[in-house]
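These notes are about the structure you will find just below.
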Amino acid sequence: MRVVGLDPGLRHTGWGVIDVQGNRLIHVGDGVVHAATDEPLARRLVALFRQIGAVLDRFRPDEAAVEESFVNKNAASTLKLGLARGVVLLAPAERGLPVAEYSANLIKKAVVGVGHADKAQVQLMVRQLLPGCGGGAADAADALAVAICHAHHAAARRFAKVSQ
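According to numbering that gives the first Met the number 0, the sequence shown is numbered sequentially starting from 0.
In structure tokens form, the structure reads like this:
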């Protein structure tokens, strides 16, 4: 199974692709797509949609996983992040991919073992769990963490179905 993890952001959206073979995780690719901050909001959302679409077309994942948004004290920022998140959910769904959503705490717990781990701990564990991963941008590492979380939870769901 090939999974794309997505860490939504209006300026920078991280993406990470892994292959899951049993309990083995294989790094395939990762990166960050960017939307120009000097463009109107609608154009930024279109750019984000097209860039995520290009990643999906290039890597052909079987499933997608997206980090849920946290509520910010700044309502306008939270709303804009929600718009970006909607685009990030739409891109794989429009291609017929199943899309799962995970909270930041659940992702950190799946990758680090602690729900309140910091970014440095997440990046370190992503590099440990995915040999060959360069550990580039923080947004890309976060997206790989989303994919790892999905791989663990998808395996648990499959096991539960078999056990019934």
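C-beta: ideal position from N, C-alpha, C; glycine also. If you're wondering where the values come from, they're calculated on a predicted model, not measured in any experiment.
Could you compute how far the alpha carbon of Arg43 sits from the alpha carbon of Arg57?
The count along the sequence shown starts at 1 and reaches residue 43 at position 44. The count along the sequence shown starts at 1 and reaches residue 57 at position 58. Rounded to the nearest whole angstrom, the C-alpha separation of Arg43 and Arg57 is 21 Å.
Beta-carbon proximity list for Gly131, same chain, < 7 Å, skipping 5 on both sides:
By 1-based counting over the sequence shown, the position of residue 131 is 132. In the same chain as Gly131, and ignoring 5 residues on each side of it, the C-beta atoms closer than 7 Å to its own belong to His26, in chain order.
Spatial neighbours of Leu82 within its chain, please: C-beta separation below 8 Å, excluding the five flanking residues on both sides.
As a working note, residue 82 is residue 83 in the sequence shown. Once the five neighbours on either side are set aside, the close Cβ partners of Leu82 are Leu9, Leu40 and Leu44.
Classify Asp29 as helix, strand or coil using the three-state DSSP reduction.
As a first step, residue 29 must be located in the sequence shown, where it is residue number 30. Three-state result, Asp29: strand.
In whole angstroms, give me the CA-to-CA distance for Gly13 and Glu66.
Counting from one through the sequence shown, the residue named residue 13 turns up at place 14. Counting from one through the sequence shown, the residue named residue 66 turns up at place 67. Cα to Cα, the separation comes out at about 10 Å.
Taking three-plus beta-carbon pairs below 8 Å as touching, is the region 74-94 in contact with the region 15-26?
Three or more beta-carbon pairs separated by less than 8 Å are not found between the region 74-94 and the region 15-26, which leaves the two stretches without contact.
Buried versus exposed call for Lys72 [16 or more other C-beta atoms within 10 Å across all chains shown]:
Taking the sequence shown and counting its residues from 1, one reaches residue 72 at position 73. Around the beta-carbon of Lys72, fewer than 16 other beta-carbon atoms lie within 10 Å, marking it exposed.
Run through DSSP, which three-state label would Pro7 get?
Mapped onto the sequence shown, residue 7 falls at position 8. Three-state result, Pro7: coil.
Quick one: grab the DSSP three-state call for Asp61.
Taking the first residue of the sequence shown as position 1, residue 61 is located at position 62. Secondary structure of Asp61 (DSSP, three-state): coil.
Against chain C, with Cβ distances strictly below 9 Å, would Val145 count as a contact?
Protein chain content of the structure displayed is limited to a single chain, and chain C is not contained in it.
Spatial neighbours of Val54 in its chain, beta-carbon cut-off 6 Å, leaving aside the 5 residues before and after
For the purposes of this step, residue 54 is taken as residue 55 along the sequence shown, with counting starting at 1. The answer, listed in chain order, is Trp14.
Taking DSSP's pairing of strands, which residues face Glu66 in a bridge?
In the sequence shown, residue 66 corresponds to position 67, counting from 1. Partner(s): Tyr101.
N-terminal and C-terminal residue of the alpha helix (DSSP H) that Leu128 is part of:
Your numbering for residue 128 matches position 129 in the sequence shown. Following the DSSP letters along the chain, one finds Leu128 inside the alpha helix (DSSP H) bounded by residues Lys118 to Leu128.
Quick one: is Gln197 buried, meaning 16 or more other Cβ sit within 10 Å of its Cβ, or exposed?
Nothing about residue 197 can be read from this structure; the chain reaches only from 0 to 163.
Can you name, in chain order, every residue of its own chain whose Cβ lies under 6 Å from the Cβ of Ala137, other than the five neighbours on each side?
For the purposes of this step, residue 137 is taken as the residue at position 138 of the sequence shown. These residues qualify, in order along the chain: Lys118.
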